[in-house]
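> My questions all concern the structure below.
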Amino acid sequence: MNALNTLLTQSNTKETPVSLPVQLKAKYPLVQTFARQIAEHRQIIQNILTGKDQRLMVITGPCSIHDPVAVLEYADRLQKLQEKVKDQIFIVMRAYIEKPRTTVGWKGFMYDPNLDGSSNLQLGLEKSRELYLQIIEKGLPIASEILSPMATGYFDDLLAWGAIGARTSESQIHREISSHMPYSIGFKNGTDGSIQIALDAIQSAQNEHQFLGMNQQGLPSVIQSAGNPLPHLILRGANHGPNYDLASIQAIREKHKNLPALVIDCSHGNSGKDPLRQPEVLQQIVAERLKTQVKGVMIESHLVDGNQKLSCEMIYGQSVTDGCLGWDKTEQLLLNVAKQLKASELAHSA
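Residues 1 to 350, numbered by full-length UniProt numbering, are exactly what the sequence shown covers, in order.
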């Protein structure tokens, strides 16, 4: 033990215990009414992905959460918009509390809720769960990225949909974790445009696994998973260009005959990393939807267009990570898409 302590001291490591999942869930409990709501939302998403529900799933919200007040204002607006478009669109709120970094940088609200580099993870876990519950109480389903395997146990009862990013789709532990989650998870294609890694991940996630994990009491445990209910493919474009268009999707379907459900990320490679091009991408997706059978889309959206750096004086409602589409443009876009979908339904049934 002394030798271990010496090694830890020499390597300048620091360990700070945080609450166990069971403790955090007891402090910020999910009441039965909202547990039923989440179960219903998960089922609706599965019905959309399998074609039983013909609505378009739209996952929209900030690239990442940094200001709970602005996020709750966004959620209020989103809930009102859902009522206007509910016959054609099922809205899921994007609420990402972790941010993958290519090198280093702010890793998200869960890690650094004070935005000052203090890395108060205990506070981040508490504030994240509290915020999720507030969003759920507004009647909205929540989507988030599965990044830290250790964090999943703190929020697995609250999410309605999850995503595995382009850089983690190849990770075995993320595939195993996905097989244990009770909500549908989408896997993104690689940054080079290849979808084989994502397809392999989907095949892995839908099967049972035994893996080393942490139980709700914080104990290392052998986890026996049942397989994810409906893993699917997210096309997010590539470094060299988009893959949301009809020709790209037809080429993918020709090569991969048993393609799972498709969700399109309107940002990243598909928009050329220009958030203001997302409406153009979405409108083309909707126009070609009968041929492509796309089940859902993802939009990076906040109260204000663009993005900003973390600083002492920041613009309220503007992203601190990737650039986002502002609220006014988002609202008008989804109202137009709902009309477009309704017109398409009427034309198809005539």
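Beta carbons: idealized from backbone N, C-alpha and C, even for Gly. Quantities reported herein were computed from a predicted structural model and do not represent experimental measurements.
#1: Looking only at DSSP bridge pairs, what is K188 linked to?
#2: How would you call K291, buried or exposed, if buried means at least 16 neighbouring beta carbons within 10 angstroms?
#3: Under three-state DSSP, which class holds W106?
#4: Using three-state DSSP, classify Q308 as helix, strand or coil.
#5: Tell me whether the beta-carbon of A238 lies closer than 7 Å to the beta-carbon of G269.
#6: Please state whether DSSP places R167 in a helix, a strand or coil.
#7: Just to check my reading of the structure: V18 and Q217 have Cβ atoms closer than 8 Å, yes? What is that Cβ distance to the nearest angstrom?
#8: Decide if the segment 226-233 is in contact with the segment 180-194; the criterion is three or more beta carbon pairs, one per stretch, under 8 Å apart.
#9: Under 7 Å, do Y244 and L133 count as touching if we go by C-beta distance?
#10: On the DSSP bridge list, what partners appear for M150?
#11: Among Y111, D116 and G117, which has the Cα closest to the Cα of L123?
#12: S301: which of M314, E313, Q278 and I315 sits nearest, CA to CA?
#13: Grouping DSSP H, G and I as helix and E and B as strand, with all else coil, what is Q224?
#14: Apart from the five residues on each side of it in sequence, which residues of its chain come closer than 8 Å, Cβ to Cβ, to G165?
#15: Does the segment 165-180 come close enough to the segment 200-215 that 3 or more CB-CB pairs lie under 8 Å?
#16: Nearest to M93 by CA position, among D87, H41 and G117, is which residue?
#17: With H, G and I counted as helix, E and B as strand and the rest as coil, what does DSSP make of Q179?
#18: Check each candidate in P113, S119 and S194 and name the one with the smallest Cα separation from R129.
#19: Find the nearest neighbour of D265 within the set D274, N258 and Y74, judged by alpha-carbon distance.
#20: CB-CB under 7 Å to G193, same chain, minus the five flanking residues each way: which ones, in chain order?
#21: Would you call the CB atoms of N207 and G227 closer than 7 Å?
#22: Give a yes or no on whether the C-beta atoms belonging to S119 and Y96 are separated by under 7 Å.
A quick look at the data gives this:
#1: Secondary-structure assignment with DSSP links K188 through a beta bridge to I234.
#2: Classified as exposed, K291 has fewer than 16 neighbouring CB atoms from the shown chains inside 10 Å of its CB.
#3: W106 sits in coil when the DSSP states are folded into three classes, being neither helix nor strand.
#4: coil
#5: yes
#6: Of the three classes helix, strand and coil, the one that applies to R167 here is coil, per DSSP.
#7: Actually they do not touch by this definition, with Cβ atoms about 14 Å apart.
#8: Counting Cβ pairs under 8 Å, three or more are found: they touch.
#9: no
#10: For M150, DSSP assigns no beta-bridge partner whatsoever.
#11: Y111
#12: Q278
#13: strand
#14: Within the same chain, Cβ atoms closer than 8 Å to the Cβ of G165 are found at P100, E145, L147 and K188, the five residues on either side in sequence being excluded.
#15: yes
#16: H41
#17: It should be noted that the sequence gives Ser, not Gln, for residue 179. Here S179 sits in helix by DSSP.
#18: P113
#19: Of the listed residues, the one whose Cα sits closest to D265 is D274.
#20: A238, H240 and N243
#21: yes
#22: no
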